[in-house]
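Enquirer:
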Amino acid sequence: EAQVTQNPRYLITVTGKKLTVTCSQNMNHEYMSWYRQDPGLGLRQIYYSMNVEVTDKGDVPEGYKVSRKEKRNFPLILESPSPNQTSLYFCASSRVGGSEQFFGPGTRLTVL
Amino acid sequence: QKEVEQDPGPLSVPEGAIVSLNCTYSNSAFQYFMWYRQYSRKGPELLMYTYSSGNKEDGRFTAQVDKSSKYISLFIRDSQPSDSATYLCAYKETSGSRLTFGEGTQLTVNP
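Respectively, the protein sequence lines represent chains A and B.
Residue numbering for the first sequence follows the numbering used here, starting at 110 and increasing by one per position.
Residue numbering for the second sequence follows the numbering used here, starting at -11 and increasing by one per position.
So this is what it looks like as structure tokens:
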């Protein structure tokens, strides 16, 4: 089954404790992206990657890091989480230039 | 001015009603127009996609694009409780892979 998986699905942590949210896709897509979704603000892009070892900032990259060492994986790293990073996070993938992005199930993060 | 504006909702309608969801945009480079549907506790899924002005039908769903007015709409005929979800408009430029999303409109169809 073609899918994007994210782990964990739910996470409660404390300010300053480094965390990683994993994302993996099995569709051989070149393009991968991370979004955060907040009430009244919609989906905002954090970082994206056009291919292995190629990443770039989206609209709201502050406080986040990513890496793309393998085509299928695109982890999101919060080195020192803060309460304003409490949000619902989605990973997505697509072909380069494609209009259909496939989304993961989401990770609900709470930073206390 | 925001690149994309979407009617915020929420919207609550009785089963069988015709639903109209609307978005406007300001970026003339947007050439691909999409509607994504997001059920509660799920990721968004592509519902409809078009790249030209006019109407595109798919069952009970019609996507309408007016490039001259920079306005897109999604119509749902004979709405069903299973249509209850958040609907997000999305746009893409001709080149590149980046999508720009509206804020989403939460729709509830009551039996």
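All C-beta atoms, glycine included, are put in the ideal place defined by N, C-alpha and C.
Owing to the predicted nature of the structure, the values given are computational and were not obtained by experimental measurement.
1) Under a three-way DSSP split, which group does D168/A fall into?
2) Give me whichever residues DSSP pairs with T82/B in a beta bridge.
3) Do three or more CB pairs link the region 23 to 32 of chain B to the region -8 to 4 of chain B at distances below 8 angstroms?
4) Can you tell me whether I121/A is buried or exposed, with buried defined as 16 or more other CB within 10 angstroms of its CB?
5) Three or more C-beta pairs under 8 angstroms: does that hold for the region 45 to 59 of chain B against the region 191 to 210 of chain A?
6) Counting C-beta neighbours from all protein chains within 10 Å, is the total for A116/B 16 or more, i.e. buried, or is it exposed?
7) For E179/A, which of C132/A, R204/A, L128/A, Q115/A has the nearest alpha-carbon?
8) Given that L87/B touches chain A, what residues does it touch there, using C-beta distances under 7 angstroms?
9) Please list the residues of the region 131 to 146 of chain A that have a C-beta atom closer than 7 angstroms to any C-beta atom in chain B, keeping them in chain order.
10) So, at 7 angstroms on beta carbons, what are the nonlocal neighbours of S8/B in its own chain, with the 5 sequence-adjacent residues on each side left out?
11) So S202/A and Q134/A are supposed to be a Cβ contact under 8 angstroms. How far apart are they, rounded?
12) Counting only C-beta atoms, is F183/A closer than 8 angstroms to chain B at any point?
13) If we define contact as Cβ-Cβ less than 8 angstroms, is M22/B a contact residue for chain A?
14) So is Q68/B buried or exposed if we call it buried at 16+ other beta carbons inside 10 Å?
Expert: Concretely, from the data shown:
1) For the purposes of this step, residue 168/A is taken as residue 59 along the first sequence, with counting starting at 1. Reduced to three states, the DSSP call for D168/A is coil.
2) Numbered from its first residue, the second sequence carries residue 82/B at position 94. Beta-bridge partners assigned by DSSP to T82/B: none are found.
3) Not touching, per the Cβ criterion.
4) Residue mapping note: residue 121/A aligns to position 12 of the first sequence, counting from 1. Around the beta-carbon of I121/A, fewer than 16 other beta-carbon atoms lie within 10 Å, marking it exposed.
5) Short answer: they don't touch.
6) Missing from the structure shown is residue 116/B; chain B here goes from -11 to 99 and no further.
7) As a first step, residue 179/A is located in the first sequence; it is residue number 70 there, counting from the start. Ranking the options by Cα distance to E179/A, first place goes to C132/A.
8) On the second sequence, position 99 is the one that residue 87/B refers to. Within chain A, the residues near L87/B are Q210.
9) Residues of the region 131 to 146 of chain A with a C-beta less than 7 angstroms from any C-beta of chain B: Y140, listed in chain order.
10) As a first step, residue 8/B is located in the second sequence; it is residue number 20 there, counting from the start. Excluding positions up to five away in sequence, the list reads S61, F63.
11) Walking along the first sequence from the start, residue 202/A turns up at place 93. Walking along the first sequence from the start, residue 134/A turns up at place 25. In this structure S202/A is in contact with Q134/A, their Cβ atoms being roughly 4 angstroms apart against a cut-off of 8 angstroms.
12) What you label residue 183/A is simply residue 74 of the first sequence in a count that begins at 1. With a threshold of 8 angstroms between beta carbons, F183/A makes no contact with chain B.
13) By 1-based counting over the second sequence, the position of residue 22/B is 34. Output row for M22/B: interface = yes.
14) Within the second sequence, residue 68/B is the residue found at index 80, counting from 1. Exposed is the call here.
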